[in-house]
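Chemist: Before I ask anything, let me first share the structure, which is written out below as structure tokens.
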Amino acid sequence: MLVELNDRFSSKTLSLMKSISTIYPNSTTFLNIDAIDEFCFHIGGDSSALKNEFLVIKPMLQSKKVNNVIELYNELISMSDAFPQTLKMITNAITMPISQVTCERSFSKMKIIKNFLRNSMTNERLSDLTVMAIERDFEINYERVIDKFSSDHKNCRILLLSLVYVY
């Protein structure tokens, strides 16, 4: 679980999140041209054009009350020819899939797995069970599993084949 958290919140991920926060009006880095490079590189945008757009947008928005990214997008969509890089950045930030659901699902599965047997489990087994529970969406080809098992364990072949035919 710690490895997963470290992967999700590595220094590169944190710098990307800080860069994305430049388009959020409530952020301390709102329209800060020094913080946009990481996200601009991530979406394949032109950072110099984006910085120039930010320099124009910032004074323009001071007279308007913009509370969230959607309102910012609605303000700028009518001027899409003037601010293409900013709109590209906002569109990507709004539609970017955030993997928070996977993290929440992981913690939910941990609660289910951690029951009265938890104390008798080793951390390795608990970790393996957690991964199995979280990633259970994978489809298992049981015939391949049986074939692999029977080829690896020659003495169990007769028993295994008879079980397959019974079911």
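Mapping of the sequence shown onto full-length UniProt numbering: position 63 corresponds to residue 63, and the numbering continues sequentially without gaps.
Using N, Cα and C, we set each Cβ at its ideal position, and we do this for glycine too.
Within 10 Å of its beta-carbon, does residue 82 have 16 or more other beta-carbons around it, so buried, or fewer, so exposed?
Modeler: Classification of residue 82: exposed, given that the 10 Å Cβ count is below 16.
Chemist: Tell me which residue opens and which closes the alpha helix (DSSP H) that residue 59 is part of.
Modeler: Unbroken alpha helix (DSSP H) run through residue 59: 47-61.
Chemist: Classify residue 55: buried if its beta carbon has 16 or more other beta carbons within 10 angstroms, exposed otherwise.
Modeler: When all chains shown are included, residue 55 counts as exposed.
Chemist: Over what stretch of residues does the alpha helix (DSSP H) that includes residue 37 continue unbroken?
Modeler: Taken as a continuous stretch (DSSP letters only), the alpha helix (DSSP H) holding residue 37 covers 37-43.
Chemist: Between residue 99 and residue 9, what straight-line distance do the alpha-carbon atoms span, to the nearest angstrom?
Modeler: For residue 99, the pLDDT reaches just 49, beneath the cut-off of 50, and the residue's location in the model is therefore unreliable, leaving the point undetermined.
Chemist: For residue 34, does the three-state DSSP call read helix, strand or coil?
Modeler: In this structure, residue 34 counts as helix in the three-state DSSP scheme.
Chemist: Measuring CB to CB, does residue 76 end up less than 7 Å from residue 87?
Modeler: In this structure, residue 87 lies closer than 7 Å to residue 76 by Cβ.
Chemist: Can you give me the Cβ contacts of residue 93 inside the same chain, cut-off strictly under 6 Å, excluding the 5 residues immediately before and after it?
Modeler: Closer than 6 Å at the Cβ level, and outside the excluded window around residue 93, lie 20, 23.
Chemist: In whole angstroms, what separates the C-alpha of residue 148 from that of residue 139?
Modeler: Distance between the alpha carbons of residue 148 and residue 139: 16 Å.
Chemist: For residue 41, count neighbouring Cβ atoms within 10 angstroms of its own Cβ and tell me buried if that reaches 16, exposed if not.
Modeler: Classification for residue 41: exposed.
Chemist: Below 7 Å between beta carbons: does that hold for residue 51 and residue 33?
Modeler: Yes.
Chemist: Smallest Cα separation from residue 58: which of 6, 31, 12?
Modeler: Cα-wise, what sits closest to residue 58 is 31.
Chemist: Given a cut-off of 7 Å, decide if residue 47 and residue 37 are closer than it, judged by their beta-carbon atoms.
Modeler: Taking 7 Å as the Cβ cut-off, residue 37 and residue 47 qualify as a contacting pair.
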